[in-house]
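Going down the list, the protein sequences come from chains A and B.
Counting in this note's numbering, the first sequence runs from 1 upward without gaps.
Counting in this note's numbering, the second sequence runs from 1 upward without gaps.
I have placed the structure first, in the form of structure tokens, so that the comments after it can refer back to it.
Number of protein chains: 2
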Amino acid sequence: MAEEIADRIRVLILDGTFPAGQALPAERALAEWFGVSRGSIRDAFRTLETIGLLVTRHGQGTFPQELDVDRLVAPLASVLSYHYELQDELLDVRRMFEPAVARVAATRVTDEDLADLERILDAQRRKLKTGRSVIVEVTAFHHVLARATRNRVVVSLMATLNDLLAESRKLTLKQKGRPGRSILGHEAVVAALRHRDAGAAAEAMREHIDQIADLLQHTSTPVRP
Amino acid sequence: MAEEIADRIRVLILDGTFPAGQALPAERALAEWFGVSRGSIRDAFRTLETIGLLVTRHGQGTFPQELDVDRLVAPLASVLSYHYELQDELLDVRRMFEPAVARVAATRVTDEDLADLERILDAQRRKLKTGRSVIVEVTAFHHVLARATRNRVVVSLMATLNDLLAESRKLTLKQKGRPGRSILGHEAVVAALRHRDAGAAAEAMREHIDQIADLLQHTSTPVRP
DNA sequence: TTCGACCACTGGTTCGACCACTTGGTTCAG
DNA sequence: CTGAACCAAGTGGTCGAACCAGTGGTCGAA
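Next up, the structure:
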């Protein structure tokens, strides 16, 4: 079966027989090697491609892909984003998760991280004055915060949550006075980080998320596109 | 391209044109309908299959799959499990996440959940007396706890973490006196849940995880297989 | 009615051919 | 010698036809 081929190729990639950056044998060669048809090889390649283990380049070959945690959760995001009934649960998760992230970030944050966060807040303030959307800044803020934990899995999970919550953000950030309140929450978090105060950071983030959750609860559910 | 076909089919599934439980048109029919070859349809099917949106049954047809969050993160787990250097970071994540899970679980736990938890602890105690491995019970404990949050995303994330941490569990649970201490932590959590005491539940879980982290820190890193 | 053979579907696989793209060498005009 | 244009070989992308292998219904004989 093609599934078995996929498994065998996966093992060969992960054990280093096929190093990243170097093209795999051609589809035709692999077909002959495994004693199956080229179609089966292609089926296997499609599977490995969608889980982010391979990338094919027309005319050049098929290449093993470096581990990229972000890409691994991307399919999750793409599918879940169609299921709006999960949005509440995702916010729930974020409410459980982000205060802890802020707490850890406070113990590991670097001056560079703080500078980045300040820059983001500055940009956010400028956009607020002209009434432009601050979704980009809000998302970036949470990303840098996750990065400050020095934990790749945290960064990845946060990226997923950010993607999935983009929809609800569009909603909350449109509301009167909401963007202003959002930046207050962020500023409180940054202040806590600057003092490396883990408890205060977690508390500030908790309040921030609670505010958002509160707003969402008082908002009609988003219309389907 | 096959990728475009996959997108179009995905939309048709998610908007209900192809309801779950009812077979899609045959590959040959879809090929003609979209004006592409059967191979391209099959390529698209493989992609949609690996992200858990389709399931094919030989001789019967191809069926849209009900949303199953577990299946969505399964590829993540399968790949990450090959990268042992992420284990520390994963424990880190768990330490951020599980106390919050326990906190929320305390507010939503049902009597059935509590009964299940008690049953698991009983089994764990029995196995302890005979010195058998309690990995299954430990894993089940965290699963039921996640279930008690009534949040499918939490259950899914916890399942992933559980899978990924199975390796390190084998290590810690082998140590002298460790299984006994593990059940003490679990009992404290259940006691807090029984009183619907969110703060105590979170605190108990925090202590429990800290103990595990402590043990892992004093343990040589696992050998690569 | 019951059972078995058959048939019409389904996906699974194979093969051969051609197209599209990339690369690197070759050729030829300057 | 230089540079541009060309060409050929290799790659993945696509196509079509054929056959294999399961599934479920139909039909007919017992």
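Ideal placement from N, C-alpha and C gives every residue a C-beta, glycine not left out.
The model shown is predicted, which means the values in this text are computed figures rather than measured ones.
Check	Outcome
Simplified DSSP assignment, three categories, for F18(A)	coil
Rounded straight-line distance, which links the Cα of A148(B) to that of V109(B)	5 Å
Under 8 Å (Cβ pairs) to chain B, residues found in the segment 18-43 of chain A	G39, R42, D43
Short-range partners of chain B found in the segment 100-116 of chain A, where Cβ spacing is below 8 Å	A100, V101, R103, V104
Distance between G199(B) and L117(B) (C-alpha atoms, nearest Å)	19 Å
Rounded separation between E32(A) and T62(B) - CA only	29 Å
A106(A) versus I5(A), A204(A), G59(A), residue with shortest Cα-Cα distance	A204(A)
Closer than 7 Å: R194(B) CB and nearest the ligand ATP heavy atom	No copy of the ligand ATP occurs in the structure displayed, which carries no ligand at all.
Inter-residue spacing [alpha-carbon to alpha-carbon] between F34(B) and H208(A)	48 Å
Where L54(A) falls: helix, strand or coil (DSSP)	strand
Where L72(B) falls, given that 16 or more other Cβ within 10 Å makes a residue buried	Unreliable placement is indicated for L72(B), whose pLDDT of 48 sits below 50; no coordinate value is reported for it.
Residue interval of the beta strand (DSSP E) (run including T139(A))	First-last for T139(A): 135-147, but that is the alpha helix (DSSP H), not the beta strand (DSSP E).
DSSP three-state assignment for P99(B), whether helix, strand or coil	helix
Opening and closing residue of the beta strand (DSSP E) in which T62(A) lies	61-64
Close-in-space but distant-in-sequence residues of the same chain around R42(A) (CB under 8 Å, 5 per side omitted)	E27
Touching by the beta-carbon criterion (3+ pairs, under 8 Å), the segment 3-10 of chain A and the segment 45-60 of chain A	yes
Proximity winner among R94(B), A20(B), Q124(B), I51(B), relative to L184(B) (alpha-carbon distances)	Q124(B)
DSSP state of A26(B) mapped onto helix, strand, coil	coil
Under 7 Å from the C-beta of N151(B): neighbouring residues of chain A	E89, D92, V93
Pairwise C-alpha distance: V101(A) and I212(A)	17 Å
Of the residues T56(A), R10(A), R150(A), I51(A), the one placed nearest E112(A), counting alpha carbons only	R150(A)
Alpha-carbon spacing of V190(B) relative to P99(A), whole angstroms	23 Å
Within 8 Å, strictly: CB atoms of L90(A) and V153(B)	yes
S37(A) - DSSP class collapsed to helix/strand/coil	coil
Within chain B, partners of T47(A) - CB distance below 7 Å	R46, T50
P25(A) versus T56(A), G52(A), A2(A), I51(A), residue with shortest Cα-Cα distance	T56(A)
Minimum Cβ-Cβ distance from V294(A) to chain B less than 8 Å	Only positions 1 to 225 of chain A appear in the structure, and residue 294(A) is not among them; the question remains open.
Min CB distance F97(B) to chain A below 8 Å	yes
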